[in-house]
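Reviewing the structure listed below.
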Amino acid sequence: MEQRQVAIIKVPFGLGGARGGAELGPDELITAGLKREIARLGLVLSEEVRVECPSVSDAPIERNRVKYLDEVRQVSERVCTEVSRAVADGSFPLVLGGDHSVAIGTLAGLTSHYSNLGVIWFDAHADLNTEERSLSGNMHGMSLAAALGHSAFNLSHIPGVGPFINPSNLVYVGLRDLDEYEKEQIRAHGIKSFTMHDIDRMGIQCVVEQALAVAGKGSDGIHLSFDMDCLDPREAPGVGTPVPGGLNYREAHFALELLASTNRITSMELVEVNPLFDHNRHTARLGVELIASLLGKRIL
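In the numbering used here, the protein residues as written are 731 to 1030.
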């Protein structure tokens, strides 16, 4: 890493997800040894911030098919502020979710500093649904729609943010569970997508190298958003929406090791660790290992 300071931004928010428990993820990652790994790598923990997040809502659960929109809006604004401050202070923002709706705030904060942000999105799901097209009403499935400006609630509603994410600098890795509307949107906007079929066919090295080329073309920063459900449930059982057939242990580590070796990743978030469905903190420990790989840890 060129940046030697890391700012941990904990976002204990789970109302955007399908099942409760993701709000416990940030503390679980800390307990699993994240700060020890950062210290072992010789990096400086510049700050550890805990974003205030609502855990329950007094309003009806469903409003116009969208669940907890006001709460997601509040959290997005707070995450945006903390991420933007970390970048301004010269730190590497490391956002710990929480469900994947926290990415709305992360991307908002980053676009206040990067005018052309590249995004590499590791996920089993595309998160491209809108309020009108979502089958569940869960906001963690709409985070990229908000970042691209396709949904009614989007980055433009958060004060001080920059431009929407350019679809030509967005790339998916690990897709395998898509709604029909999301497939249409990926094709319509030409979003580069590597499904598990592509990874099987091409190999993870080729996929990551191409992902970097897409996200890095003309961009002034590259953000890595890592949803733990991109992994196979046998590797990471403690997630809210597991899908069989994901990345294995070494594919995931190699991918992040390769990204780290380029010194081009300027921020990271790791989301959807759900201790309620985990076994002996297995998923949280793996999350810590993967973060360490992205921050520069090597076998030898």
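For each residue, glycine too, the CB sits at the ideal point set by N, CA and C. Small disclaimer: the values here were computed from a predicted structure and weren't measured.
For a test of the three-state rule: what should DSSP assign to residue i, helix, strand or coil?
i	result
Y798	coil
L764	helix
E732	Here the model assigns E732 a pLDDT of 48, short of 50, so the residue's position is not dependable, and the following value carries that caveat. Note: E732 maps to coil in three-state DSSP.
A966	coil
S776	strand
G848	strand
I995	strand
S923	strand
V825	strand
I738	strand
R793	Since pLDDT at R793 reaches only 49, below the 50 mark, its modelled position is unreliable, and no value is offered.
D1008	coil
L1025	coil
V973	coil
D957	strand
What's the call for residue i, buried or exposed, on a 16-neighbour Cβ count within 10 Å?
i	result
H1009	exposed
R770	exposed
H927	exposed
A918	exposed
M932	exposed
T992	exposed
S873	buried
R906	buried
P897	buried
V973	buried
A943	exposed
Q915	buried
E857	The sequence shown places Asp at residue 857, not Glu. That one is buried.
P742	buried
V796	buried
R1028	exposed
If contacts are defined as beta-carbon pairs under 8 Å, then residue i and residue j qualify, I think. What distance do you get, rounded to the angstrom?
i	j	result
I850	L954	5 Å
G835	V813	7 Å
S842	V891	5 Å
A854	D959	5 Å
E1002	D962	That pair is no contact at about 14 Å.
R994	I952	5 Å
L865	D829	With 8 Å as the limit, L865 and D829 do not qualify as a contact, their Cβ atoms being about 17 Å apart.
L840	S997	6 Å
Are the beta-carbon atoms belonging to residue i and residue j less than 8 Å from one another?
i	j	result
G827	A752	yes
Y911	N868	no
N978	E965	yes
I768	P823	no
A945	V901	yes
Y798	L759	no
F924	G968	no
I888	E807	yes
A941	V903	yes
Subject >> Any beta strand (DSSP E) of 3 or more consecutive residues that is wholly inside the stretch 850-916 >> reply: Complete beta strand (DSSP E) runs here, min 3: 900-905.
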